[in-house]
Every structure is written in structure tokens, then in C-alpha cells.
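Going down the list, the sequences are from chains R and Y. Counting in my numbering, the first sequence runs from 1086 upward without gaps. Counting in my numbering, the second sequence runs from 1086 upward without gaps. This report refers to the structure that appears directly beneath it.
There are 2 protein chains.
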Amino acid sequence: MTYSSELIKGTLKTIVLKLLADNKRMYGYEITQKVKELTLDRIQITEGSLYPTLHALEHEKLVTTETEYIGKRIRKYYSLSSAGKTKTREKVSELAEFMDTMTFLLGIKPKTS
Amino acid sequence: MTYSSELIKGTLKTIVLKLLADNKRMYGYEITQKVKELTLDRIQITEGSLYPTLHALEHEKLVTTETEYIGKRIRKYYSLSSAGKTKTREKVSELAEFMDTMTFLLGIKPKTS
DNA sequence: GAATATACATAGGAATGCGATGCATTGTAC
DNA sequence: GTACAATGCATCGCATTCCTATGTATATTC
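Written as C-alpha cells, this is what we have:
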């Protein structure tokens, strides 16, 4: 089972930032696998959405990159910048609050209890 | 404070369906106000996004409509169809599971505790 | 009688993730 | 030893989805 992709919208950047916060540095393919693993295949981040996101984060100077060669194969590592760490905290707490509101709205766990 | 609109993406239809499930029948403007009220202004559903959504639900036969006149002003009520009720349960539980997964992923409340 | 709230609706655009595709290297199975 | 799967980078065009802006009209309040 995989979540319908519309739900991922708006959360992808936050997911990537959070993973980088927890793992110091990661490369693209590693991120896709880590998300699959952590969510037991429920969330699949495709490369077509991940790489544009990583490039956007780089452009916003929220991550820095270093390129390494593993044998002849290139590997591009992404790490949070100082601004990226701050942004991560903001995004994570915003998402947490949003989910709290949604939980209440959907009556999954009423606030008034 | 209002949530950045990207977060709403993918959840709007579910919110509308759930409100209709809880209130039997509602009209557009009423829905926007109810969401504002329930979320303490944190989620603002604009008419530009709501009406296309309602029309889409109607087209999918998940809701039925009845038009009434309040004085000379028209009012269009929306109610869940039988298929709509089923769909609502599906969408709500899918969103609940998704949020559970996200909560774990963001380390807000680890599953393993 | 002016402003605000109620109530419907659409058109155009921005954002964002997805599917498809492409290239190259490395490991594995037969 | 060679075919296939996995690893690893990346881009393009599409589809979806929501928002802003706009438009129309009535009801209410001051």
C-alpha cells in the first residue's frame, strides 16, 4: 500500500530536511531508500520529485553539497546549512501543528477530551 | 496565523467530505465559515478552491445537491450520497494513517514507545 | 446610502510532485 | 562472460490542485 501522492504535496521538502537533520549528510538515492525503509514502503519518493526538490533546497542555500567518487561512480552528498537547520525546525513544527488541527477537524482524536 | 497553503493540498476534498458527513447537508459559504471556526482561523478555505472541489465531488456522484431560495438569494445544499459516505471513510482513514506515518517520520512521537 | 456580509461562480496562473526517460557504473546470477 | 538488477545521477513535460482575481447579485447594518 502506498499513499495517494496528493498527500505528499507540501510535505516532501519537510521530509527531506528532517532526514538531513537526522543524518548529517545523505545522497539522493539514499534518501529515497531511507524513506521507503522508515515508512515500510508506505511513502515512495521518486527521483523525479526528489532531485528537483534537492536542487531547490540548494538554490535556497538551505543545504550544501559535496561530490565524491565511489570508484568511477559519482555521488553527491547533501548537508544542512545553518539556515537549513533553522528552516527544518520551522517546517517540522508547522507540519506538526497542521496535523494536530487536521486530527481535530477529522474527529480522529477530539481536542476537547 | 494561517497554514501555508501547500499543506492543504490533497486534504481539501477530505475535509469537505468529512464536514458533510458530520452535518448532513451544507452549502458552500457555510463550509468556508465552518472550517474557519473549527480551526480557529488556521485553515482558510477560499471560494476559488471550494467551488471547483464541490463541483468535482458532484461530478463524481459523491454528493447530491438541492437548490433553495432564501428570499431571492439562491442557496445550493450539498449532501453525501451513499458512495460519498463510503469514500469519506476511506479518505479519512487514509489521511489518518498518512499522518501517523508522518508523525513517526518526523520523530514527533516515535512509534516505538 | 455605504459598507459589510452573504452567496453563487469562473478564468488564469503558480506550484509541485509524478511518470517516463536517459545515461553510466557496479554487482549478481546463471 | 554476459545478461539483468541495482545503484546513482539527472531532466522534461504532464497532470493535478489550489489560489488570486474577478464578476454578479442580494441582505443587513449603521
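Just so you know, even glycine gets a beta-carbon here, dropped at the ideal spot from N, CA and C. All values reported here derive from a predicted model rather than from experimental measurement.
- Measuring CA to CA, which of Y:1149, Y:1172, Y:1163, Y:1174 is closest to residue 1110 (chain Y)? Here residue 1110 (chain Y) is taken as the residue at index 25 of the second sequence, counted from 1. Considering only alpha carbons, the answer is Y:1163.
- Does the Cβ of residue 1165 (chain R) have 16 or more other Cβ atoms within 10 Å, making it buried, or fewer, making it exposed? Position 80 of the first sequence, counted from the first residue, corresponds to residue 1165 (chain R). By the neighbour-count rule (16 or more Cβ atoms within 10 Å), residue 1165 (chain R) is buried.
- Could you say if the segment 1170–1181 of chain R and the segment 1115–1123 of chain Y meet the contact criterion of at least three C-beta pairs nearer than 8 Å? No, because fewer than three Cβ pairs between the segment 1170–1181 of chain R and the segment 1115–1123 of chain Y fall closer than 8 Å, the two stretches do not touch.
- Message: Between which two residues does the alpha helix (DSSP H) holding residue 1172 (chain R) run?
- Response: The residue given as residue 1172 (chain R) occupies position 87 in the first sequence. Start and end: 1167–1190.
- Message: Only counting the same chain, and skipping five residues up and downstream in sequence, which positions put a Cβ closer than 6 Å to that of residue 1120 (chain R)?
- Response: Along the first sequence, read from residue 1 onward, the residue named residue 1120 (chain R) stands at position 35. Closer than 6 Å at the Cβ level, and outside the excluded window around residue 1120 (chain R), lie 1128, 1130.
- Query: Is any heavy atom in the ligand HEM found nearer than 7 Å to the beta carbon of residue 1188 (chain Y)?
  - Reply: The model on display carries no ligand, and the ligand HEM is accordingly not part of it.
- Sort Y:1102, Y:1157, Y:1174, Y:1160 by Cα distance to residue 1143 (chain Y) and report the nearest one. Here residue 1143 (chain Y) refers to the residue found at position 58 of the second sequence. Of the listed residues, the one whose Cα sits closest to residue 1143 (chain Y) is Y:1102.
- Query: How big is the Cα-Cα spacing for residue 1122 (chain Y) and residue 1112 (chain Y)?
  - Reply: Residue 1122 (chain Y) sits at position 37 when you count from the first residue of the second sequence. Residue 1112 (chain Y) sits at position 27 when you count from the first residue of the second sequence. Taking the CA atoms as reference points, residue 1122 (chain Y) sits about 15 Å from residue 1112 (chain Y).
- Once you ignore the five residues that flank residue 1173 (chain R) on each side, which residues in its own chain have a CB closer than 7 Å to its CB? Here residue 1173 (chain R) corresponds to residue number 88 of the first sequence, with the count starting at 1. So the qualifying residues of the chain are 1102, 1103, 1106, 1165.
- Message: Quick check on DSSP: helix, strand or coil for residue 1149 (chain R)?
- Response: Counting from 1 along the first sequence, the entry for residue 1149 (chain R) is found at position 64. In the structure shown, residue 1149 (chain R) sits in a strand (DSSP, three-state: E or B).
- Message: One question on the structure: do residue 1097 (chain Y) and residue 1138 (chain Y) come within less than 8 Å of each other, judged by their Cβ atoms?
- Response: Taking the first residue of the second sequence as position 1, residue 1097 (chain Y) is located at position 12. Taking the first residue of the second sequence as position 1, residue 1138 (chain Y) is located at position 53. Between residue 1097 (chain Y) and residue 1138 (chain Y), the C-beta gap is smaller than 8 Å, which places the two residues in contact.
- In three-state terms, what does DSSP make of residue 1195 (chain Y)? Stepping through the second sequence from its first residue, residue 1195 (chain Y) is reached at position 110. Low confidence applies to residue 1195 (chain Y): its pLDDT is 42, below 50, so where it sits in the model is not reliable enough to give any reading.
- Quick one: does residue 1116 (chain Y) have its CB under 8 Å from some CB of chain R? On the second sequence, residue 1116 (chain Y) is found 31 positions in, with the first residue counted as 1. It does not: the Cβ of residue 1116 (chain Y) has no partner Cβ on chain R nearer than 8 Å.
- Item | DSSP-derived helix/strand/coil call for residue 1109 (chain R) | Translated into the one-based positions of the first sequence, residue 1109 (chain R) becomes position 24. Here residue 1109 (chain R) sits in coil by DSSP.
- Message: Please classify residue 1125 (chain R) as buried or exposed, where buried requires at least 16 other C-beta atoms within 10 Å of its C-beta.
- Response: Within the first sequence, numbered from 1, the residue matching residue 1125 (chain R) stands at position 40. So residue 1125 (chain R) counts as exposed.
- Please decide whether residue 1181 (chain R) counts as near chain Y, where near means a Cβ-Cβ distance under 8 Å. Working through the first sequence from its first residue, we reach residue 1181 (chain R) at position 96. Chain Y contact via Cβ: present.
- Message: Which residues in chain Y have a C-beta closer than 7 Å to the C-beta of residue 1188 (chain R)? List them in chain order.
- Response: Numbered from its first residue, the first sequence carries residue 1188 (chain R) at position 103. The answer, in chain order, is 1184.
- Item | residue 1159 (chain Y), buried or exposed, once every other Cβ within 10 Å from all chains shown has been counted against 16 | As a working mapping, residue 1159 (chain Y) is identified with position 74 in the second sequence. Looking at its Cβ environment, which holds fewer than 16 other Cβ atoms inside 10 Å, residue 1159 (chain Y) is exposed.
- Query: Out of curiosity, what's the CA-to-CA distance linking residue 1095 (chain Y) and residue 1156 (chain R)?
  - Reply: Taking the first residue of the second sequence as 1, we reach residue 1095 (chain Y) at position 10. Taking the first residue of the first sequence as 1, we reach residue 1156 (chain R) at position 71. Using only the alpha carbons, I get a separation of about 42 Å.
- Interface positions of the segment 1140–1152 of chain R facing chain Y (Cβ-Cβ less than 8 Å), listed along the chain: none
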